[in-house]
Amino acid sequence: MPAGYLGGDLYDWMPMPDGSWTVYIADVSDKGPPAALYMAALWSRMRIEAYRHQKIGDVLRGLNNAMYSLMAQEGFFATILICNFHPETGRLLMANGGHLPALKVSNGETEEIPVSRGVALGLQRDPHFREEKFQLPRGQSVILFSDGVTEARNKADAFFGVHGIKQYVRAKDGPPWGDGLVRAVEKWRPSSKPADDLTVVEIWRNSLPN
Numbered sequence: 026m027p028a029g030y031l032g033g034d035l036y037d038w039m040p041m042p043d044g045s046w047t048v049y050i051a052d053v054s055d056k057g058p059p060a061a062l063y064m065a066a067l068w069s070r071m072r073i074e075a076y077r078h079q080k081i082g083d084v085l086r087g088l089n090n091a092m093y094s095l096m097a098q099e100g101f102f103a104t105i106l107i108c109n110f111h112p113e114t115g116r117l118l119m120a121n122g123g124h125l126p127a128l129k130v131s132n133g134e135t136e137e138i139p140v141s142r143g144v145a146l147g148l149q150r151d152p153h154f155r156e157e158k159f160q161l162p163r164g165q166s167v168i169l170f171s172d173g174v175t176e177a178r179n180k181a182d183a184f185f186g187v188h189g190i191k192q193y194v195r196a197k198d199g200p201p202w203g204d205g206l207v208r209a210v211e212k213w214r215p216s217s218k219p220a221d222d223l224t225v226v227e228i229w230r231n232s233l234p235n
């Protein structure tokens, strides 16, 4: 949900040759047409890097190196959180480039997934991104989100925050949680127009085998 006509948030999912899915969420600094242009460039380059490298840490490194000169010259950067998910086994690989941490939802309870927070894209030449491995059991979800969720303010100028996400999950039946979470943020805000781009991505592993 963009804050204006054009936004700087980006998400995508890509089927990989080994049967896994590469999923990511990114947030380009600033808003409007300039951020949207960098968003489009990131999306295009990610489609190249995701199939070029086997490790998602190397995907982020390649993406950063391809975009560094363009972004740094204009003072832009982008945070990104990338996952590689294997639906059959539940294996979840994750790497973070300066983005908000993902949340795992299990039996109505929410906890942060501990992933090393690397540098945002466009700030350094040739940085290293650490890839970390987790297991997603059946019936559980992973929620990725942009700061348009946590920094949404109500009439009392209070942030929705991670606390708001946890309260929503605890009060509602799921999974899935993503669509309802977006609506909960909309209700929290005094205006229907977001002050910042708002994006929620959910990876949900079905309770039953396919």
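The numbering of the sequence shown is the working numbering, which starts it at 26 and goes up by one. Ideal placement from N, C-alpha and C gives every residue a C-beta, glycine not left out.
In the three-state scheme derived from DSSP, where H, G and I count as helix and E and B as strand, D204 is classed as helix. Rounded to whole angstroms, I228 and D182 show a C-alpha spacing of 31 Å.
Using a Cβ distance threshold of 8 Å, L128 and E136 count as a contacting pair. Taking a cut-off of 8 Å for Cβ pairs, the region 188-204 and the region 73-80 do not touch, as fewer than three such pairs fall below it. For the pair N89 and L148, the Cα-to-Cα distance works out to about 9 Å. One Cα belongs to R142, the other to R214, and the distance between them is close to 29 Å. For A196, the uninterrupted alpha helix (DSSP H) segment begins and ends at G186 to A196. Excluding sequence positions up to five before and after F184, its CB lies within less than 8 Å of the CB of T175, E176, A177 and R178, all in the same chain and listed in chain order. Under the three-state reduction of DSSP, M119 is assigned to strand.
For L106, the three-state secondary structure derived from DSSP is strand. Within the model, the alpha-carbon separation for F154 versus P139 is close to 14 Å. In this structure, R86 sits near P152, with a CB-CB distance shorter than 8 Å.
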